[in-house]
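Asker: Going left to right, the sequence shown walks through residues 15 to 513 as the working numbering numbers them.
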Amino acid sequence: MHESDDHWSLCPNQLLVPPVLSVVKLISQPMLRNTPITCGFALSLAVVLTISAYGAPANPVSDHELAIRAEDALERGIDFFHSIAIEGGYGYYYSLDLQTRWGEGPPMDDRTIEVQPPGTPSVGMSFLHAYEVLPDPLFLEAANDAASALIRGQNDLGGWDHKIHFDQPRGDEVSFDDDQTQSAIRFLMTLDQVVDDPVLHKAVERSLSMMLDAQMEHGGWPHKYPRQRNYHDFATYNDHGIADCLSVMLAAHRHYDRDEFLESVRKTGWFIILSQLPPPQPGWAQQYNDFLQPAWARTFEPPAVCPLVTIQNVQVLMDLFAQFGNEDYLEPIPDALDWLEESRLPNGLWARFIEIGTGRALYYDRGRFRVDSTDELSLERRTGYGYESDLSERIRNGEKRFDHIRETGVDPYIYRPIAEMTSEEIAEKLNAIRPEVVAVIDSLDKHGRWIVKGDRYKVYEPGKRWDGQYEVSDRLSSALFNHHIEILCDYLELVGAER
Numbered sequence: 015m016h017e018s019d020d021h022w023s024l025c026p027n028q029l030l031v032p033p034v035l036s037v038v039k040l041i042s043q044p045m046l047r048n049t050p051i052t053c054g055f056a057l058s059l060a061v062v063l064t065i066s067a068y069g070a071p072a073n074p075v076s077d078h079e080l081a082i083r084a085e086d087a088l089e090r091g092i093d094f095f096h097s098i099a100i101e102g103g104y105g106y107y108y109s110l111d112l113q114t115r116w117g118e119g120p121p122m123d124d125r126t127i128e129v130q131p132p133g134t135p136s137v138g139m140s141f142l143h144a145y146e147v148l149p150d151p152l153f154l155e156a157a158n159d160a161a162s163a164l165i166r167g168q169n170d171l172g173g174w175d176h177k178i179h180f181d182q183p184r185g186d187e188v189s190f191d192d193d194q195t196q197s198a199i200r201f202l203m204t205l206d207q208v209v210d211d212p213v214l215h216k217a218v219e220r221s222l223s224m225m226l227d228a229q230m231e232h233g234g235w236p237h238k239y240p241r242q243r244n245y246h247d248f249a250t251y252n253d254h255g256i257a258d259c260l261s262v263m264l265a266a267h268r269h270y271d272r273d274e275f276l277e278s279v280r281k282t283g284w285f286i287i288l289s290q291l292p293p294p295q296p297g298w299a300q301q302y303n304d305f306l307q308p309a310w311a312r313t314f315e316p317p318a319v320c321p322l323v324t325i326q327n328v329q330v331l332m333d334l335f336a337q338f339g340n341e342d343y344l345e346p347i348p349d350a351l352d353w354l355e356e357s358r359l360p361n362g363l364w365a366r367f368i369e370i371g372t373g374r375a376l377y378y379d380r381g382r383f384r385v386d387s388t389d390e391l392s393l394e395r396r397t398g399y400g401y402e403s404d405l406s407e408r409i410r411n412g413e414k415r416f417d418h419i420r421e422t423g424v425d426p427y428i429y430r431p432i433a434e435m436t437s438e439e440i441a442e443k444l445n446a447i448r449p450e451v452v453a454v455i456d457s458l459d460k461h462g463r464w465i466v467k468g469d470r471y472k473v474y475e476p477g478k479r480w481d482g483q484y485e486v487s488d489r490l491s492s493a494l495f496n497h498h499i500e501i502l503c504d505y506l507e508l509v510g511a512e513r
């Protein structure tokens, strides 16, 4: 389970993603948001943002010339990244000599790939996006290879766990943690719309059947499936579990137009409404037991009201309203937003857990050991879990979005395809993205690599918890690759529309 704070929007390459052509996409898209943001990785993106902030270069090239360079960078970048695949799949990070590969935690062997974003499904989606923009058969081959890796690792239940170990038996459980199974299904469904492959379609059908079987009667989804007889059985909002399941079913309904998928979506919407806690704390918890009571998960995750989950659910409810026009989805929002404003800590942040009844911030270390502040937590927990975070921008955006919907009845965040944009809107977006494109192209080296320079990352000893050790080195990053491919594709789509 990924343990850092993050952002969220409903569905990548789907219905309601705001058309933001910037680095914001990196942390807002479900396929990307679970990326472990290391210091070097953040710095690599900051270079792009800094150049963007100061506008176009002194001697700007024409869009015709820049598009040629962007296509070349797209081809070279994908050709290299496809070459480092293991059986078609990917990890998170790679040493420059390709001798060490990381997923989440310690280095992986050369027969293991990551399912969790920004691993194999995310990289596969990048290949597919590139193919849709520039129909190079090599891009589709790379996407098909990623899909084949996922299909090989699909277990008998129809889902996936965190990783695929090609030299080990497939597991017997499905994980909905951190967009693992969900991201794989979304990618395979999207590819299924592009190619006619019975093996692929069968894998999609199996996975969607599993999604329906795993959905709980009240509309939520557990942390893992089938039942584990522990907290994994509980309906889980944490790490966007239910929200990511919802995004799968929305996409399934759009792609295949079957009533059971629409009914699944509606059940989930009702569950979100039903699970809101009563005043004076009308937010949501991270997990709920079978009696719809906030419940313990891991030993540092107490039953509590969770501001982070609350603002995420507020956004999901507005997404559902935008999709279906049902004002019932809006009713829980005003009380939730008011409570979020009232629950801010004196330091300006929001606690992850707020005690039910007292309104006090809760801090638990491993072993259910309660302390009074983050300073008293162990180093491993203090640096590995978001006990406090700044939600001000997310809350402010939620309030603005809700006010706009309430005043106009229209969601300002509904995704508008480029084909529906005016020439003025396209020109504005081109002006915004052009400097980022130049920075992305210029950062590609002669081998077709985008490198995270001076990346500072945690060092793990196998079988042990992190003990405070860091290393610094240049690395390759799947997340950086995905982000840069997206920037190039967005630009080429805009240029194509302008023509």
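Ideal placement from N, C-alpha and C gives every residue a C-beta, glycine not left out.
Small disclaimer: the values here were computed from a predicted structure and weren't measured.
The alpha helix (DSSP H) with T414 in it runs from where to where?
Answerer: Start at 1 with the first residue of the sequence shown, and residue 414 comes out as number 400. Correcting the residue type first, residue 414 is Lys in the shown sequence and not Thr. Residues S406 to T422.
Asker: Can you look up D247 in the DSSP assignment and give me helix, strand or coil?
Answerer: Counting from one through the sequence shown, the residue named residue 247 turns up at place 233. If DSSP states are grouped into helix, strand and coil, D247 belongs with the helices.
Asker: One question on the structure: do L508 and I455 come within less than 8 Å of each other, judged by their Cβ atoms?
Answerer: If you number the sequence shown from 1, residue 508 lands on position 494. If you number the sequence shown from 1, residue 455 lands on position 441. Against a cut-off of 8 Å, the Cβ pair of I455 and L508 comes out as no contact.
Asker: With L490 as the anchor, note down where its alpha helix (DSSP H) starts and where it stops.
Answerer: Start at 1 with the first residue of the sequence shown, and residue 490 comes out as number 476. Unbroken run through L490 is the beta strand (DSSP E), Y484 to S491; no alpha helix (DSSP H).
Asker: Helix, strand or coil for E402 per DSSP?
Answerer: Counting from 1 along the sequence shown, the entry for residue 402 is found at position 388. Here E402 sits in strand by DSSP.
Asker: Relative to the C-alpha of L334, which residue among Y401, Y427, V451 and N303 is closest?
Answerer: If you number the sequence shown from 1, residue 334 lands on position 320. Among Y401, Y427, V451 and N303, the Cα nearest to that of L334 belongs to Y427.
Asker: Just to confirm, are L393 and A318 a CB contact at a threshold of 8 Å?
Answerer: Translated into positions along the sequence shown, residue 393 becomes position 379. Translated into positions along the sequence shown, residue 318 becomes position 304. The Cβ-Cβ distance between L393 and A318 does not fall below 8 Å.
Asker: Quick one, which of H254, R430, L291 and D258 has its alpha-carbon nearest M225's?
Answerer: Residue numbering aside, residue 225 sits at position 211 when the sequence shown is read from its first letter. Out of H254, R430, L291 and D258, D258 has the C-alpha closest to the C-alpha of M225.
Asker: In chain order, what residues of the same chain have a beta carbon less than 7 Å from the beta carbon of E5, not counting five sequence neighbours either side?
Answerer: For residue 5 there is no data in the structure shown, the boundaries of the chain being 15 and 513.
Asker: DSSP on E450, reduced to helix/strand/coil?
Answerer: Start at 1 with the first residue of the sequence shown, and residue 450 comes out as number 436. E450: helix per DSSP, three-state reduction.
Asker: Who does W116 pair with in a DSSP beta bridge?
Answerer: In the sequence shown, the residue the question calls residue 116 occupies position 102. The partner list for W116 (beta bridge, DSSP) reads Y107 and P121.
Asker: When you compare only the Cα positions, how much space is there between V129 and L502?
Answerer: As a first step, residue 129 must be located in the sequence shown, where it is residue number 115. As a first step, residue 502 must be located in the sequence shown, where it is residue number 488. Cα to Cα, the separation comes out at about 24 Å.
Asker: Classify F367 as helix, strand or coil using the three-state DSSP reduction.
Answerer: The sequence position of residue 367 within the sequence shown is 353, counting from 1. Coil, per DSSP.
Asker: Which one or two residues does DSSP pair with S189 in a beta bridge?
Answerer: As a first step, residue 189 must be located in the sequence shown, where it is residue number 175. S189 is bridged to K238.
Asker: On the three-pair Cβ rule with 8 Å, is the stretch 139–152 touching the stretch 177–191?
Answerer: no
Asker: What runs of the alpha helix (DSSP H), each 4 residues or longer, lie entirely inside the stretch 245–331?
Answerer: Here the runs fully enclosed are 255–270 and 273–288.
Asker: Let me know if E475 comes out buried or exposed under the rule of 16 or more other beta-carbons within 10 Å of its beta-carbon.
Answerer: By one-based count along the sequence shown, residue 475 stands at place 461. Exposed: under 16 other Cβ atoms inside 10 Å.
Asker: Just how far apart, CA to CA, sit R408 and E79?
Answerer: As a position in the sequence shown, residue 408 is number 394, starting the count at 1. As a position in the sequence shown, residue 79 is number 65, starting the count at 1. Approximately 38 Å, taken between the alpha carbons.
Asker: Pick out whichever of A81, T134, Y378 and A266 has its Cα sitting closest to the Cα of F495.
Answerer: Here residue 495 refers to the residue found at position 481 when the sequence shown is read from its first residue. Among A81, T134, Y378 and A266, the Cα nearest to that of F495 belongs to T134.
Asker: With DSSP collapsed to three states, give me the class of F180.
Answerer: Reading the sequence shown from its first residue, position 166 is the one you call residue 180. Correct three-state label for F180: coil.
Asker: Got a sec: is the Cβ-Cβ distance from A336 to anything in chain C below 8 Å?
Answerer: Here chain C cannot be found, since the structure has a single protein chain.
Asker: Relative to the C-alpha of I419, which residue among S109, I347 and G234 is closest?
Answerer: For the purposes of this step, residue 419 is taken as residue 405 along the sequence shown, with counting starting at 1. Among S109, I347 and G234, the Cα nearest to that of I419 belongs to I347.
Asker: Can you tell me whether T282 is buried or exposed? The criterion is at least 16 other CB atoms within 10 Å of its CB, across all chains shown.
Answerer: Here residue 282 refers to the residue found at position 268 of the sequence shown. Answer is buried; the Cβ neighbour count reaches 16.
Asker: Is the beta carbon of A309 closer than 8 Å to that of Y245?
Answerer: Start at 1 with the first residue of the sequence shown, and residue 245 comes out as number 231. Start at 1 with the first residue of the sequence shown, and residue 309 comes out as number 295. In contact: Y245 and A309 (Cβ atoms closer than 8 Å).
Asker: Would Y104 and R489 qualify as a contact pair, given that the criterion is a beta-carbon distance under 8 Å?
Answerer: Stepping through the sequence shown from its first residue, residue 104 is reached at position 90. Stepping through the sequence shown from its first residue, residue 489 is reached at position 475. Contact: no.
Asker: Thinking C-alpha only, which one of L506, Q483 and R463 is nearest R90?
Answerer: What you label residue 90 is simply residue 76 of the sequence shown in a count that begins at 1. Looking at the Cα atoms, R463 is the closest of the given residues.
Asker: Select from T397, E402, D386 and T388 the residue whose C-alpha is nearest the C-alpha of R366.
Answerer: Position 352 of the sequence shown, counted from the first residue, corresponds to residue 366. The candidate whose alpha carbon is nearest that of R366 is E402.
Asker: Classify K460 as helix, strand or coil using the three-state DSSP reduction.
Answerer: By 1-based counting over the sequence shown, the position of residue 460 is 446. It is coil, neither helix nor strand.
Asker: Would you check if there are 3 or more beta carbon pairs closer than 8 Å linking the stretch 195–208 to the stretch 217–234?
Answerer: yes
Asker: Taking G468 as part of the beta strand (DSSP E), name the residues at either end of that continuous run.
Answerer: Here residue 468 is taken as the residue at index 454 of the sequence shown, counted from 1. Element bounds for G468: I465 to K472.
Asker: Could you tell me which residues DSSP puts in a beta bridge with V385?
Answerer: Here residue 385 corresponds to residue number 371 of the sequence shown, with the count starting at 1. In DSSP, V385 forms a bridge with Y377.
Asker: Quick one: give me the first and last residue of the beta strand (DSSP E) that E128 is part of.
Answerer: Counting from one through the sequence shown, the residue named residue 128 turns up at place 114. Segment T126 to E128, the beta strand (DSSP E) holding E128.
Asker: Does the contact criterion of 3 or more C-beta pairs under 8 Å hold for the stretch 349–363 versus the stretch 281–300?
Answerer: yes
Asker: Quick check: the Cα distance between A72 and P431, rounded to an integer number of angstroms?
Answerer: Translated into the one-based positions of the sequence shown, residue 72 becomes position 58. Translated into the one-based positions of the sequence shown, residue 431 becomes position 417. Confidence is the limiting factor: at A72 the pLDDT is only 48, short of 50, which leaves the residue's position unreliable, though a coordinate-based value still follows. Across the structure, A72 and P431 are spaced so that their CA atoms are roughly 31 Å apart.
Asker: Among residues of its own chain, excluding the 5 on either side of R358, which ones have a beta-carbon nearer than 7 Å to its beta-carbon?
Answerer: Locating residue 358 in the sequence shown gives position 344, where the first residue counts as 1. Within the same chain, and ignoring the five residues on either side of R358 in sequence, the residues whose Cβ sits closer than 7 Å to its Cβ are W364.
Asker: Would F180 and R243 be called neighbours here (beta carbons separated by less than 8 Å)?
Answerer: Start at 1 with the first residue of the sequence shown, and residue 180 comes out as number 166. Start at 1 with the first residue of the sequence shown, and residue 243 comes out as number 229. Going by C-beta atoms, F180 is not nearer than 8 Å to R243.
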